[in-house]
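Residue numbers (the numbering used here): 108 to 436. Cβ coordinates follow ideal geometry from the N, Cα and C atoms, glycine included.
As structure tokens, then:
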């Protein structure tokens with residue numbers, strides 16, 4: 108199911124020319140302690156909590172969406188340090204100006220302890236990515252919009268995906284959302300590739316039936332043995348992210364061999380900055396379809412925005428702004 112060499116959800120890419128890509132970084136990221144002592148903390152606001160967050164474009168698109176909806180509030184990326192977590196939890200419950208937050212690596216699972224209510228998908232995955240504060244009670248409600256965000260861009264492929272094993276690189280909070288999304292959409296066999304497969308299996312046992320045969324856990328030295336029959340390959344690790352020391356979740360030579368010998372496949376990278384990651388470039392070069400993390404990023408952001416505000420998210424407007432910042436066509 109080729110698409111005339113177009114990336115599934117992006118422009119035609121030229122992976123041979125690295126000058127076609129931008130690398131975007133926020134210049135005004137604050138720590139949590141710096142934020143609460145800034146004027147921004149004294150007006151209605153939404154936040155992104157994580158570490159690191161300097162690569163994130165969430166402030167760009169959510170600020171644009173708030174402006175488009177006529178909502179007078181700000182959105183800021185905040186680096187949350189481990190020693191600040193206790194203070195952040197108390198502050199989120201108590202601060203009248205705090206409206207909600209997105210949560211990213213490494214807090215998608217650990218923030219489960221701070222919420223008062225959560226959606227079914229949060230309980231099922233053991234991970235969240237969006238918090239909303241009730242203005243009356245201060246209660247925090249959590250959802251995981253990664254599920255909707257992941258499935259939306261690949262809906263046209265779901266029949267093919269359901270017929271073949273899926274390979275997922277990584278087993279953290281993002282991978283949990285992907286597993287839940289795929290199982291709910293009809294996938295019958297998922298192979299998670301992890302640095303510590305037995306530990307990963309144990310950690311999934313509470314939320315998933317790890318003994319049914321639907322899920323398998325293997326090491327990175329075994330992944331190629333499962334690749335021939337797989338159609339969808341997902342990078343749910345930070346590999347390829349701006350400033351992350353590893354560019355691809357598996358050796359590029361191994362990935363190229365799989366795509367050339369057993370392709371075409373569909374490669375889906377959850378990383379969106381930079382626009383073209385090594386994982387996607389290899390897939391594209393060897394004739395596989397590729398799905399940018401930009402599309403999952405946009406769709407999960409849209410779901411978060413609706414959850415917070417009840418307003419529609421300007422998807423096309425935000426997509427154009429992301430591509431302007433990330434990609435030189």
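For a quick check, are the C-beta atoms of residue i and residue j less than 8 Å apart?
{"i": "residue 138", "j": "residue 188", "result": "yes"}
{"i": "residue 248", "j": "residue 236", "result": "no"}
{"i": "residue 157", "j": "residue 212", "result": "yes"}
{"i": "residue 385", "j": "residue 354", "result": "yes"}
{"i": "residue 393", "j": "residue 341", "result": "no"}
{"i": "residue 426", "j": "residue 419", "result": "no"}
{"i": "residue 171", "j": "residue 428", "result": "yes"}
{"i": "residue 346", "j": "residue 282", "result": "no"}
{"i": "residue 379", "j": "residue 404", "result": "yes"}
{"i": "residue 299", "j": "residue 307", "result": "yes"}
{"i": "residue 296", "j": "residue 321", "result": "yes"}
{"i": "residue 177", "j": "residue 415", "result": "no"}
Can you tell me whether residue i is buried or exposed? The criterion is at least 16 other CB atoms within 10 Å of its CB, across all chains shown.
{"i": "residue 305", "result": "exposed"}
{"i": "residue 407", "result": "buried"}
{"i": "residue 201", "result": "exposed"}
{"i": "residue 191", "result": "buried"}
{"i": "residue 278", "result": "buried"}
{"i": "residue 357", "result": "buried"}
{"i": "residue 186", "result": "buried"}
{"i": "residue 372", "result": "buried"}
{"i": "residue 205", "result": "buried"}
{"i": "residue 241", "result": "exposed"}
{"i": "residue 397", "result": "buried"}
{"i": "residue 155", "result": "buried"}
{"i": "residue 169", "result": "buried"}
If residue i sits next to residue j, beta carbons under 8 Å apart, how far is it from one beta carbon to the other, in whole angstroms?
{"i": "residue 438", "j": "residue 254", "result": "There is simply no residue 438 to check, as the chain begins at 108 and stops at 436 in what is shown."}
{"i": "residue 184", "j": "residue 215", "result": "With a Cβ gap of about 16 Å, residue 184 and residue 215 do not count as contacting."}
{"i": "residue 209", "j": "residue 411", "result": "6 Å"}
{"i": "residue 274", "j": "residue 180", "result": "Incorrect: roughly 40 Å between the Cβ atoms, too far for contact."}
{"i": "residue 374", "j": "residue 390", "result": "4 Å"}
{"i": "residue 332", "j": "residue 272", "result": "Not really, about 11 Å apart at Cβ, beyond 8 Å."}
{"i": "residue 362", "j": "residue 376", "result": "Contact doesn't hold; Cβ gap of about 11 Å is too wide."}
Problem set entry | Secondary structure, alpha helix (DSSP H): runs of 4+ residues fully inside the segment 323-391 | 359-369
Problem set entry | contact_flag[the segment 221-238, the segment 165-181] where n(CB pairs < 8 Å) is 3 or more | no
Problem set entry | Within the segment 201-260, ranges of the beta strand (DSSP E) (whole runs, at least 3 residues) | 205-210, 237-240 and 247-250
Problem set entry | Whole runs of the beta strand (DSSP E) within the segment 146-177, excluding any shorter than 3 residues | 152-157
For this session: Any chance you could list the beta strand (DSSP E) runs of at least 3 consecutive residues sitting entirely within the segment 276-326, in chain order?
Result: 297-300 and 322-325
For this session: Please determine if the segment 364-374 and the segment 300-317 are in contact, where contact requires at least 3 C-beta pairs separated by less than 8 Å.
Result: no
For this session: Run through the segment 389-429 for me and flag every whole alpha helix (DSSP H) of 4 or more residues, listed as ranges in chain order.
Result: 400-416
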